[in-house]
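According to the numbering used here, the sequence shown is numbered sequentially starting from 3.
The beta carbon of each residue, even a glycine, is placed where N, CA and C say it ideally should be.
Report on the structure given below.
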Amino acid sequence: MSILKAGVLYFTLVFGAGFVLGIIRTLWVVPRFGTRMAELMETPVMLVVTIVAARWIVLHFAVPSTPSSRLGMGCIALVLLLLAEFGFVLWLRGLSIRDYLATRDPVSGTVYYVMLAAFAVMLLLLRQNVLRLR
3 MSILKAGVLY FTLVFGAGFV LGIIRTLWVV PRFGTRMAEL METPVMLVVT
53 IVAARWIVLH FAVPSTPSSR LGMGCIALVL LLLAEFGFVL WLRGLSIRDY
103 LATRDPVSGT VYYVMLAAFA VMLLLLRQNV LRLR
């Protein structure tokens, strides 16, 4: 059960930050720099948010350090993120999944998909001490 709770919290923290940054990006950054540049500028911030959220959850919850537990948390969070993205966000923007995928910029879209993979495995990377933040 702690894996489920930690995965849900991980999703909530990262999605919440992404939602706020998405509003800022859409309203203020896109008009000045364009969609591709705005999304690429947001990426490093979201990477830091992902690392900090993953690290905080690992340190503050009794999450087993086994690869299956950490990857399970990441996958739970990823599934919730995709459900939120394809459900709530697309509904809010009035797009179908097909329209959404067709309108993704090839460069920033690819970076986004890589970030989704990083989001899913970040807890595992922390477990294996790939990322040391002290």
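query                                                                                                                          : result
Just checking my contact of D107 with T45 at CB under 8 Å: how many whole Å lie between their CB atoms?                        : Actually they do not touch by this definition, with Cβ atoms about 12 Å apart.
Pop quiz: L125 and V60 are said to be a contact at Cβ under 8 Å. What is the actual Cβ separation, rounded to whole angstroms? : 6 Å
With H, G and I counted as helix, E and B as strand and the rest as coil, what does DSSP make of L135?                         : Low per-residue confidence applies at L135: pLDDT is 49, beneath 50, and the placement is therefore not dependable, though the value from the model is reported in the following sentence. Coil.
Taking buried to mean at least 16 other C-beta atoms within 10 Å of its own C-beta, is L103 buried or exposed?                 : exposed
So, with DSSP's three-state summary, where would you put T45?                                                                  : helix
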